[in-house]
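Visitor: This is the structure I want to talk about, given as structure tokens.
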Amino acid sequence: MNGPSTLRRAICAHCLRPQATCLCALVQPTVHRTEVLVLQHPQEQRQAKNSVALLRLSLARCEVVVGERFEPETLQALLQRPGRDTRLLYPDVPAAPAPPAPGPMGASLRLVVIDATWRKSLRMLLEHPALAALPRLSLDAPAPTRYRAIRAARRADQVSTLEATVQALAMLEGPSFDATPLLDAFGRFVAGVQARQRPQAPTGCPGAGPRAG
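Heads up, the sequence shown is in the working numbering, so the first residue is 25 and it goes up one at a time.
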């Protein structure tokens, strides 16, 4: 006979989260052209507040790879796709200066996003020359984050990985990209997390600036 502990361990086969926090009802299929690759630090994978699961389920061309250190050949194969220009969503910071800007972007793009705390994302960048060498894309004026309800952000421009990614896609694809339904779903996700847990230290995507919660 199954007891309460067995029920708590039940995992949704689709979103891979515990049944009690299943995301499937929040998924919003969102039309987009740009391929998205999320390099997720292993510690983020276990965070109940992490927004990447909802992003992956809502974007058809979104690949999530969990890892902290990658072999050069493995990373190169992840970063580059034939016929696509690759951009890294990350600011130009003194500790990891952006390489010289290349020519105009092509129509087919691949956006690489790091899902980690600022310190861990910078370490990943410094330890992987192929990652640091990618042309950068940064968010100059990110929209206010919905994450403040559950993340004690240190800066006003800190945003979740989901928010940073959809803002970057809006920059790249223009009016054809409509993130409103997905952002609304993320707002409901945040409300659900807020109802279950206390705030924790911020993590997320550093695309907007030094720490992007």
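Quick reminder that beta carbons are idealized off the backbone N, C-alpha and C, glycines included.
Can you tell me the Cα-Cα spacing of residue 99 and residue 71, whole angstroms?
Guide: For the purposes of this step, residue 99 is taken as residue 75 along the sequence shown, with counting starting at 1. For the purposes of this step, residue 71 is taken as residue 47 along the sequence shown, with counting starting at 1. Approximately 24 Å between the Cα atoms of the pair.
Visitor: Out of 116, 196, 140 and 143, point me to the one whose CA is closest to residue 128's CA.
Guide: On the sequence shown, residue 128 is found 104 positions in, with the first residue counted as 1. Of the listed residues, the one whose Cα sits closest to residue 128 is 196.
Visitor: Starting from residue 158, trace the alpha helix (DSSP H) in both directions and tell me its first and last residue.
Guide: What you label residue 158 is simply residue 134 of the sequence shown in a count that begins at 1. Where residue 158 is concerned, there is no enclosing alpha helix (DSSP H), given that its DSSP letter is neither H nor E.
Visitor: Taking residue 94 as the reference, give the member of 183, 159, 207 and 148 with the closest Cα.
Guide: Within the sequence shown, the letter at position 70 stands for residue 94. The candidate whose alpha carbon is nearest that of residue 94 is 148.
Visitor: Could you check if residue 187 is buried or exposed, using at least 16 other CB atoms within 10 Å of its CB as the buried criterion?
Guide: Along the sequence shown, read from residue 1 onward, the residue named residue 187 stands at position 163. Classification for residue 187: buried.
Visitor: Exposed or buried, which one is residue 115 when buried takes at least 16 other CB atoms within 10 Å?
Guide: The residue you call residue 115 lines up with position 91 of the sequence shown. Residue 115 is buried by the Cβ-count criterion.
Visitor: First and last residue of the beta strand (DSSP E) that includes residue 87?
Guide: To locate residue 87, count along the sequence shown from 1; it is residue 63. Taken as a continuous stretch (DSSP letters only), the beta strand (DSSP E) holding residue 87 covers 86-90.
Visitor: Report yes or no: do the stretch 210-219 and the stretch 84-92 share at least 3 C-beta pairs separated by less than 8 Å?
Guide: Flag = no, the stretch 210-219 and the stretch 84-92 do not touch.
Visitor: Can you list, in chain order, the residues of its chain whose CB lies under 6 Å from that of residue 107, leaving out five sequence neighbours each side?
Guide: Position 83 of the sequence shown, counting from 1, holds the residue named residue 107. Around residue 107: 132.
Visitor: Thinking C-beta only, is residue 193 closer than 8 Å to residue 58?
Guide: As a working mapping, residue 58 is identified with position 34 in the sequence shown. As a working mapping, residue 193 is identified with position 169 in the sequence shown. Cβ atoms of residue 58 and residue 193: closer than 8 Å.
Visitor: Here's the rule I'm using: 16 or more other beta-carbon atoms within 10 Å means buried, otherwise exposed. How should residue 97 be labelled?
Guide: Stepping through the sequence shown from its first residue, residue 97 is reached at position 73. Burial call: exposed.
Visitor: Please state the DSSP three-state secondary structure of residue 229.
Guide: Counting from one through the sequence shown, the residue named residue 229 turns up at place 205. Looking at residue 229 - three-state DSSP - the assignment turns out to be coil, as it is neither helix nor strand.
Visitor: Round the Cβ separation of residue 137 and residue 185 to the nearest angstrom and send it over; I've been treating them as touching at under 8 Å.
Guide: Locating residue 137 in the sequence shown gives position 113, counting from the first residue. Locating residue 185 in the sequence shown gives position 161, counting from the first residue. Yes, they are in contact, since the Cβ atoms of residue 137 and residue 185 sit about 6 Å apart, within 8 Å.
Visitor: For the beta strand (DSSP E) that contains residue 191, what are its first and last residues?
Guide: Residue mapping note: residue 191 aligns to position 167 of the sequence shown, counting from 1. Here residue 191 belongs to no beta strand (DSSP E); instead the alpha helix (DSSP H) covers 185-197.
Visitor: DSSP on residue 205, reduced to helix/strand/coil?
Guide: Here residue 205 refers to the residue found at position 181 when the sequence shown is read from its first residue. Of the three classes helix, strand and coil, the one that applies to residue 205 here is helix, per DSSP.
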